[in-house]
Structures are given as C-alpha cells and as structure tokens.
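These notes are about the structure you will find just below.
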Ligand SMILES: *Cc1c(COP(=O)(O)O)cnc(C)c1O
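In my numbering, the protein residues as written are 5 to 475.
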C-alpha cells in the first residue's frame, strides 16, 4: 500500500471511534480546546516516539523531562522538599505501584497483607489486589454523601493492613473522600495512605473548593495524578508521588542476575517510549499554570451549569453535589438511564453508563473538559429531549427467559456454552459464533445490571474473549 492509501485507511478506521476532540465525548478523552497546545504535544510525541526510557543514562533527555514533570506536580500538590516521584504509563500503573510499594515497604509477601478502601475506590485497586496478592477490605461509603466513612474504615484496619485509600475525587460520583481523617487514621496505625487523585489532581488545586487532600494532610504518603486526563496531554502518562524517596523503593526493580544488560526499572514497563513523556513535558509548558487554572475553572463552571440544568429536567437528578468536574446522574424511576445514554449517542454525545452497585443506583457518568463549556446549552437541550424519549419508551424490556438464565448462572463456572446460549437468547450472536454488537446498548446494560458483580465480570471476560480474535 502507498502511504496515501494507508493514511486513508487509518482515517476510515478512526471514523468509527468516538471523537477525542470537540467536547462531545464526556468520558475517556479530555479536550482543552487549545489547538496550539495539542499541536506541540503531537510534535513532541513524534520526536520522542522511538526513544527508550529503559535506560535513563542512555536517554538523559527523558530523565530530565521526568524530573521536571515530577517537580511541577510536587509544587501543585504541596509536596515536602524530600518528596520523590515517578512517571508511569497511566493511572492504573500509578495505583498498582502505590499498592506494590506499600506491600513491599511493609515487608509483606503476596497473601500476607491487606488494604482498606472505600467501595467507590477505582477498579485499578482491585487489579492491584489481584496482581500483588494484597487482600482488599472494602468498606461501604456513606449512603447519603457517597464519601468514605473513616470510622468504619478505621474499624476495618487489621494487623496485616499496609494501606488505606481515599479518592480525590471518586470517579463514579465525583466526590472527595475525607482525606484528613483517612491520613490521620493511617498515621495513627503507622501505615500508608494513598490518595487517588488520578482524575482530580490537576484540577482541584486550581479551584477553591472542598477540604484538603494533598501532601498538606498529615499521614498522606502517596498521591497519583494522571497527566493524560486534566493536564490534557496525549495518552500514556501519569505520575506517582511519594512523601519521601524511601517510600518509593518498593516499586523500583533491579536485576543483575542474568547474562544480559543490568535491568533497572522505576515502573512496571521496561522498554518504554519517550513519546508520552515528551508530549506531556511540552503540553504542560505550553499551557502553563495560569492557563491550567482557567481551564479548571471553565470545566468546573460547565459542571455546575449542567448540574443546575439537570435540576430542571423532570425525571433526572444529580446523585450528589460534585466536588470537582465529574457528575453522576440518576433517574427517578420514570425513565431508564441506559436508554438516555443511547439517545444521547444518537444526538452525537457520549455519556458513560455506570451499573447499579451495592445500593448505589445505575447512573450516567459525565467527565467535563474545558472544551465542552461552550456547548453546555446544546448538551442540556439534547439531554432534556433524550430523557423525554426515554420516558416515552418506558422500561427496557429484558426477556423473562434471559433474566431467569442470568439468575441461574454461576459466575464461578460460566462456561463457553453458557455464554453462547446467553448471546443467542439476547440476539447478540453473529452467524459464525462471533458477536453482533447492537446499535443500542440499553438492553445489554439492563441485562448486566440484573447480574451480580461477579457474574458481570464473568460475562464481560467472555465478551472480551470473543471480541479479540485475529482478523
Ligand atoms: C482514570 C482513573 C484511574 C485509572 O487511570 P487509567 O489512566 O485509566 O489507567 C484511577 N483512579 C481514578 C480516580 C481515575 O479517574
């Protein structure tokens, strides 16, 4: 193929994706609306795409940019002078490494430690528990405020607990956990406290809202903050900061016990592209702290304007007053949120369905970027129409046979043929045993909503397995 043909094909492939720019995709992507900052980020991304962060002495540029970014974040999060940090590939890796460092710092081995976290903590902590053998002890959040309950969390701390977790803010509901209390509880027990500020860490310092949650809070030992979210940098970069460098040691790794090069890694990856790091370095300099403050306030005002607008839409409500730039919307029962998501998509907006969980209702998640601000009136008009359409459509019909089948399935033993049977019943089976994804996702979400979390996971894994097959 010629370069032109390849480019055309890439464009054709990309045309089916959600748009990353334009402010109409309210999850997954972040748009500053600043074309110049985007352009310099792409230039840096390409310039450093082939460099390798495997060896900081071979590519000193990458080390210098990493130290600059960590320094910038430390200033933003009020880190003490002895703090240290590392660049990671994303929020999940930052969270994984915070858990690993806490486990190893306590001298615990897999299976020999636990961590206490609110039920609203990001699923990356479940992954960390799974990977590193740290037992997660989940504590229900306050049912009114959706915030962590520090007394209940204190009661859940055990002799083998190495870490307490809070979010700033939580992804699902956009509220800040009481970090002061969580830090105090961790300090009191001599254990670590990680604040997951993956999504709020670059926004909250610019808003004068809410209680403290950064390194000014005694007892907070580490904080994760994603650059590929509200620093509006290209994907593939987050930061994990520690109060001091000894706390970081547990996620460093060296191996000289083989005949090849001595391996020395600060994170999980070994060979890693310098592209996302250079792009983040460039974009953070292009935007700068004054402009970040403007972007944060713009996104915050858009969030509050949407919250006020939702108050005027019968049938829909804001689940909890937002602390940052995220919103969760729920129905009063007169309309189905999953249908609203489909209706919004038909109108060119992506809002993210969140399933009901432990007494918390099914919701629509909205992450507001600065670039959405000018379109808030259009968004609210389309949302109002979508809610009306959803109300007229009524409840999403779930076939009684299908509901019965779900109720009878055991997540521990979901077999391929069980799953194929479900797919066929749900009309999702293609001719050749593949998947036939429907236009509208509401029936699928309604079905998942009926299942227990364990069964949801089993069905999703079977789904992913069928999605990812060689072409
Ligand atoms: C996005 C997010 C993560 C995970 O980050 P990825 O970059 O998707 O791996 C973790 N915690 C919170 C609160 C987040 O919003």
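Virtual Cβ for every residue (Gly too), placed ideally from N, Cα, C.
Computed from a prediction, not measured in an experiment: that's the story for all the values here.
Counted as a single uninterrupted DSSP element, the beta strand (DSSP E) harbouring residue 257 occupies residues 257-259.
Short of 6 Å from the beta carbon of residue 174, and not among the five residues preceding or following it, lie these beta carbons of its own chain, in chain order: 124. Residue 101 sits away from residue 245, with the two beta carbons spaced by 8 Å or more. Taking 8 Å as the cut-off, the Cβ atoms of residue 150 and residue 177 count as close. Not one heavy atom of ligand 1 falls within 7 Å of the beta-carbon of residue 169. If you ignore the 5 residues before and after residue 463, its C-beta comes within less than 8 Å of the C-beta of 418, 423, 426, 452, 455, all in its own chain and listed in chain order.
Of the other Cβ atoms in all chains shown, fewer than 16 fall within 10 Å of the Cβ of residue 86; this residue is therefore exposed. Contact annotation, residue 153 with residue 362: C-beta distance approximately 13 Å; criterion of less than 8 Å not satisfied. Within the same chain, Cβ atoms closer than 8 Å to the Cβ of residue 191 are found at 197, 222, 223, the five residues on either side in sequence being excluded. Look at residue 96: its beta carbon is less than 7 Å from one of the heavy atoms in ligand 1.
In the DSSP annotation of this structure, the continuous segment of the alpha helix (DSSP H) that includes residue 130 starts and ends at 128-136. Taking every protein chain shown into account, the CB of residue 262 has fewer than 16 other CB atoms within 10 angstroms, so this residue is exposed. One thing to note: residue 233 has its Cβ within 8 Å of the Cβ of residue 206. By a beta-carbon distance limit of 8 Å, residue 202 contacts residue 242. Their separation comes to about 7 Å.
Closest in alpha carbon position to residue 27, among 95, 225, 128, 352, is 352. Excluding five sequence positions before and after residue 359, the CB atoms of its chain that fall closer than 8 Å to its own CB belong to 366, 449, 452, 453, 460, given in chain order.
Cβ contact annotation for residue 46 (same chain, cutoff 8 Å, sequence separation greater than five): 238, 283, in chain order.
Relative to the Cα of residue 415, the nearest Cα in the group 104, 188, 275, 457 belongs to 457.
If only complete runs of 3 or more residues are kept, the segment 54-123 shows the beta strand (DSSP E) at 88-92, 117-122, in order along the chain. Under the 10 Å beta carbon count, residue 472 is surrounded by fewer than 16 other beta carbons and is classified as exposed.
According to the DSSP assignment, residue 425 belongs to the alpha helix (DSSP H) that extends over 420-429. Here residue 22 is exposed, its C-beta having fewer than 16 other C-beta atoms within 10 Å. When secondary structure is reduced to three states using DSSP, residue 361 falls in the strand class. One thing to note: residue 31 has its Cβ within 8 Å of the Cβ of residue 356. Of the candidates 168, 393, 375, 168 places its Cα closest to the Cα of residue 99. Taken from the Cβ of residue 126, at least one heavy atom of ligand 1 lies inside 7 Å.
Secondary structure of residue 170 (DSSP, three-state): strand. Here the segment 381-388 makes contact with the segment 302-321; the two share three or more CB pairs at distances below 8 Å. Here the segment 405-413 does not lie against the segment 327-336, with fewer than 3 beta-carbon pairs under 8 Å apart.
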